[in-house]
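Q: Everything in the sequence shown is counted per this note's numbering, starting at 558 for the first residue and increasing by one.
Note that CB positions come from ideal geometry on N, CA and C, so glycine has one too.
Note that the structure is a prediction, hence the values are computed from the model and not measured.
Once you've had a glance at the structure underneath, I'll fire off some questions.
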Amino acid sequence: MAIIESYRMEDYLDLSEEELDRRISTAKEAMGDRLLILGHHYQQDDVIKFADFRGDSLKLSQEAARSQREFIVFCGVHFMAETADIVTGDAQKVILPDLTAGCSMADMADLYNVERAWKDITNIAGEANILPVTYVNSTADLKAFCGKKDGVVCTSSIAEKVIKWALDRTDKVFFFPDEHLGRNSAFKLGIPEDEIIVWHRDAPLGGNSENAIKKAKIILWNGFCSVHMLFLPKHVEYFRERYPGIKIIVHPECRREVVAISDLCGSTEYIIKTVKAAPPDTVWAVGTEINLVNRLRKEQPDKTIFFLSPTVCLCSTMYRIDPQHLCWVLENLVAGKVVNQVIVPDEEKRWAKIALERMLTL
Ligand code: SF4
């Protein structure tokens, strides 16, 4: 494709909603089957309406690989675009409409500090006795770290299974970056609380004694999702008091106290499937990102669906992907220019893929 012309992002900021809609549709049509647009469930309606597929991060990356389309525009956050680049072919290019769309949880664990913690832990516990497990919401270099250390990636839907797989092979699991997904999964496996410790990234030995590290089965990095942390036990109690018979369903990134008193807990895909499959006239309070909950409410008018918090729990980084950025990257593609491509270096990609493939065999 010859480079003809490129467009400047600032020229898109004042366009009307109608004009953006028209230009995005035109650009999408012009790219035809060379292009695939992916929309994570937490994206706003104005963006997700252009997606060829909706889903969670891994499902979307797998759709991208299957499609073999040349250009993958990932409406999500940075680690998702990295995951898509890891699993897609060499001829495919992954584009994130706004490169500042990160994930605050993924940013809480960086390779330098994880490697330092790993050194401290393995000095005490021995490297043969521990495996690293990273949530898919992590940077590509951490996935590669797990690949190199015989570890594995997990999604929220199979975290429990992955931790069990690891504990069948070794004594301990070092789980990052989400403390809450790790704790909720360990709890489901029946691991006693006194065998779960938290690694505070700024404290010597993560704030633990040598004995605690020796005794621990699960060592949790103290990362969290700022969106899911906003749900509190009092919100569950509020809905239970006012709506007897209500079902409370939450994401496993929520704190343990919330999960413990909810009826159901699972990934975004699980939440959507469960609520969709429920009988009409049932009443639900859902603890996950607000765009997903609002969409579920619109698509399931025969049910009463509440958002499980009085405050707006919006993923502000996902929100950076707006129609302006989408239009800008698409019109650049039509003009023959790839902007905001996300590229994972080859060596990192190779090891990260190994860690992802270990998970897929489960
Ligand atoms: S909802 Fe939380 S975990 Fe998901 S992308 Fe946003 S900050 Fe990250």
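(1) With a threshold of 7 Å, establish whether the CB of Cys782 neighbours any heavy atom of ligand 1.
(2) Decide if the region 907-919 is in contact with the region 625-645; the criterion is three or more beta carbon pairs, one per stretch, under 8 Å apart.
(3) Among the residues of its own chain, which have a CB less than 7 Å from the CB of Glu752, if the five just before and after it don't count?
(4) Is the region 869-878 touching the region 655-666, taking contact as three or more C-beta pairs under 8 Å?
(5) Between Met922 and ligand 1, is the CB less than 7 Å from at least one heavy atom?
(6) Ignoring anything shorter than 3 residues or poking outside the region 709-755, list the beta strand (DSSP E) runs there in chain order.
(7) Tell me whether Val850, by its Cβ, gets closer than 7 Å to a heavy atom of ligand 1.
(8) Of all the options Arg758, Ile754, Asp759, which has the alpha carbon lying nearest to the alpha carbon of Glu767?
(9) Can you give me the Cβ contacts of Pro790 inside the same chain, cut-off strictly under 7 Å, excluding the 5 residues immediately before and after it?
(10) With three or more C-beta pairs closer than 8 Å as the rule, is the region 697-707 touching the region 737-745?
(11) Going by CA-CA distance only, name the one from Trp841, Lys606, Lys650 that's closest to Ala622.
(12) Just to confirm, are Thr861 and Lys804 a CB contact at a threshold of 8 Å?
(13) Use the C-beta contact count for Thr712: other C-beta atoms within 10 angstroms, 16 or more gives buried, fewer gives exposed.
(14) For Gln898, which residues does DSSP report across the bridge?
(15) For Glu904, which residues of its own chain have a beta-carbon under 7 Å away from its beta-carbon, when the five flanking residues on both sides are left out?
(16) Which value, in whole angstroms, describes the spacing of the CA atoms of Ser783 and Lys718?
(17) Return the bridge partner residues of Phe628 from the DSSP annotation.
(18) Could you give the distance in angstroms between the alpha-carbon of Leu577 and the alpha-carbon of Leu887?
(19) Please report the straight-line C-alpha distance between Phe610 and Cys822, rounded to a whole angstrom.
(20) Drop a sphere of 10 angstroms on the beta-carbon of Glu750, count the other beta-carbons inside from all chains shown, and report buried for 16 or more, exposed for fewer.
(21) How about His785: is its Cβ closer than 7 Å to a heavy atom in ligand 1?
(22) With 16 as the cutoff for other CB atoms within 10 Å, does Ile900 come out buried or exposed?
(23) Compute every distance between the C-beta of Asn694 and the non-hydrogen atoms of ligand 1, then say whether any falls below 7 Å.
(24) Between Asn848 and Gln625, is the Cβ-Cβ spacing less than 8 Å?
(25) From what residue to what residue does the beta strand (DSSP E) around Val807 run?
(26) Rounded to whole angstroms, what is the Cα-Cα separation between Gly596 and Ala584?
(27) Check whether the Cβ of Val807 sits closer than 7 Å to any heavy atom of ligand 1, and report yes or no.
(28) Quick check: Met566 and Leu890, are their CB atoms within less than 8 Å of each other?
(29) Check for me: the beta strand (DSSP E) holding Val690 runs from which residue to which?
(30) Hey, could you find the ends of the alpha helix (DSSP H) Arg799 is sitting in?
(31) Round the Cβ separation of Val693 and Phe732 to the nearest angstrom and send it over; I've been treating them as touching at under 8 Å.
(32) Can you give the Cα-Cα distance for Phe863 and Val671, rounded to whole angstroms?
(33) When the Cα atoms are used, what is the spatial distance from Gln619 to Met637?
(34) What is the rounded straight-line gap between the Cα of Ala769 and the Cα of Ile678?
(35) Provide the residue(s) that pair with Arg844 in DSSP beta bridges, ordered along the chain.
(36) Assuming Ser714 and Ser824 form a contact by the criterion Cβ under 8 Å, report the distance between their Cβ atoms to the nearest whole angstrom.
A: Taking the structure as given:
(1) For Cys782, the shortest separation between its Cβ and any heavy atom of ligand 1 lies below 7 Å.
(2) yes
(3) Lys772, Ala773, Lys774, Ile775
(4) Enough Cβ pairs lie closer than 8 Å, so yes.
(5) Past the edges of the chain, shown from 558 to 919, lies residue 922, and the structure says nothing about it.
(6) 709-711, 729-733
(7) no
(8) Ile754
(9) Only Glu814, Val815, Ile818 meet the Cβ criterion.
(10) no
(11) Lys650
(12) no
(13) Thr712 comes out buried.
(14) Ile652
(15) none
(16) 25 Å
(17) Phe628 pairs with Leu592, Lys650.
(18) 11 Å
(19) 24 Å
(20) exposed
(21) yes
(22) exposed
(23) yes
(24) no
(25) Where Val807 is concerned, the enclosing beta strand (DSSP E) starts and stops at 804-807.
(26) 17 Å
(27) no
(28) no
(29) 687-692
(30) 790-799
(31) That belief does not hold up - the Cβ atoms of Val693 and Phe732 are roughly 13 Å apart, past 8 Å.
(32) 38 Å
(33) 11 Å
(34) 11 Å
(35) A small fix is needed here, since residue 844 is Gly in this sequence, not Arg. Looking at the DSSP assignment, Gly844 forms a beta bridge with Val807.
(36) 4 Å
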